[in-house]
Amino acid sequence: AAMIVVFTEWAADDVAGAYGIDPERIVVIPPWAPRADRPAVVSKVSVDHPYALFPAQAWPHKNHASLLEAVSLLRHDGLDVPLVCPGATGDAAAAVRRHAVALGIGDLVALPGYVDDLSMEALWRGARCLVFPSLFEGWGYPVLEAMDAGVPVACSAGRYLDAVAGDAALRFDPIDPCAIADALRTLWLNDAAAEVHVARGRAHVATFSWRAMGERYGVVLDRAMASGRRKAAV
Numbered sequence: 141a142a143m144i145v146v147f148t149e150w151a152a153d154d155v156a157g158a159y160g161i162d163p164e165r166i167v168v169i170p171p172w173a174p175r176a177d178r179p180a181v182v183s184k185v186s187v188d189h190p191y192a193l194f195p196a197q198a199w200p201h202k203n204h205a206s207l208l209e210a211v212s213l214l215r216h217d218g219l220d221v222p223l224v225c226p227g228a229t230g231d232a233a234a235a236v237r238r239h240a241v242a243l244g245i246g247d248l249v250a251l252p253g254y255v256d257d258l259s260m261e262a263l264w265r266g267a268r269c270l271v272f273p274s275l276f277e278g279w280g281y282p283v284l285e286a287m288d289a290g291v292p293v294a295c296s297a298g299r300y301l302d303a304v305a306g307d308a309a310l311r312f313d314p315i316d317p318c319a320i321a322d323a324l325r326t327l328w329l330n331d332a333a334a335e336v337h338v339a340r341g342r343a344h345v346a347t348f349s350w351r352a353m354g355e356r357y358g359v360v361l362d363r364a365m366a367s368g369r370r371k372a373a374v
């Protein structure tokens, strides 16, 4: 390939190191821009408000286990934080449910499965916060989607989320349930802190645009075609 496009600087470094590719051939182009408008919503998902939201498949690296342990710790401290986890389906969702019940928080965890776009929009509007404890991401769309919806974000401190989180999210160690619990407690109970993260999130998403993305792809295509012409001339 003449040029390689990745979503983040972290991915660029990873690709260059793993495959020995010249960093000059790797270009970072974020694959996202904020919504121009938000639709009127009728939700098909029935959940009580407010809640912490974690939209994700129940794959191991999404780290539902540590999040459930954090919610359990909060309950032991006298704070119940309802958790809504759309996207988890099948046997993986059943395993999440069993873990929640074993921790004594089965009544706090809703697993609505797959939800459509309008229902997801409604879930954003009812969320107190997004909590995103993933152990690995190629990008991390829900972080920016939450910020775009005006929802404060607590997410993993791993470098793989630096591009999407910026300085707008409350970061935590994703393998430490106590750290996740502390972040949840802050956004759940501290209105001032939550508003700070909402404001930072709105400022952060404003740095992304479809126009900028298109212009960057134009540059990449120009460079790729120029490289092809040089090779043909040799």
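204 is the number that the numbering used here gives to position 64 of the sequence shown; each next residue is one higher, with no gaps.
Glycine is no exception: its CB is placed at the ideal position from the N, C-alpha and C atoms.
Quick caveat: nothing in here was measured; it's all calculated off a predicted structure.
Quick one: measure Cβ to Cβ for residue i and residue j, integer angstroms, because I've assumed they're closer than 8 Å.
i           : j           : result
residue 283 : residue 304 : 4 Å
residue 441 : residue 286 : Outside the shown range of the chain (141 to 374) lies residue 441, about which nothing can therefore be said.
residue 244 : residue 212 : 6 Å
residue 310 : residue 323 : 5 Å
residue 169 : residue 356 : 5 Å
residue 360 : residue 167 : 5 Å
residue 233 : residue 198 : 5 Å
residue 314 : residue 275 : 6 Å
residue 142 : residue 280 : Their Cβ separation, rounded to whole angstroms, is 28 Å, which puts residue 142 and residue 280 out of contact at 8 Å.
residue 240 : residue 185 : In fact, because the Cβ distance is near 18 Å, the residues do not count as touching under 8 Å.
residue 151 : residue 278 : 7 Å
residue 248 : residue 220 : 6 Å
Helix, strand or coil for residue i, going by three-state DSSP, please let me know.
i           : result
residue 333 : helix
residue 226 : strand
residue 324 : helix
residue 243 : coil
residue 346 : coil
residue 373 : The predicted model places residue 373 with a pLDDT of 45, which falls under 50 and marks its position as unreliable; any figure quoted below should be read in that light. Of the three classes helix, strand and coil, the one that applies to residue 373 here is helix, per DSSP.
residue 341 : helix
What residue range does the beta strand (DSSP E) around residue i cover?
i           : result
residue 294 : 293-296
residue 312 : 310-312
Which two residues bound the contiguous alpha helix (DSSP H) that contains residue i?
i           : result
residue 305 : 302-305
Fill in: 3-residue-minimum beta strand (DSSP E) runs that sit fully inside the segment 252-288, ordered along the chain
267-272
Item to complete: List in chain order: all unbroken alpha helix (DSSP H) runs of 4+ residues lying wholly within the segment 142-220.
Response: Segments of the alpha helix (DSSP H) lying fully in the segment 142-220: 149-159, 204-216.
Item to complete: For the segment 293-301 and the segment 261-275, state whether three or more C-beta atom pairs, one from each stretch, are separated by less than 8 Å.
Response: yes
Discussion item. Can you confirm whether the segment 200-216 touches the segment 315-323 when touching is taken to mean that 3 or more C-beta pairs between the two stretches lie within less than 8 Å?
Written reply: yes
Discussion item. Would the segment 165-173 count as touching the segment 351-369 if we require 3 or more Cβ pairs under 8 Å?
Written reply: yes
Discussion item. Three or more C-beta pairs under 8 Å: does that hold for the segment 329-348 against the segment 220-234?
Written reply: No, the segment 329-348 does not touch the segment 220-234.
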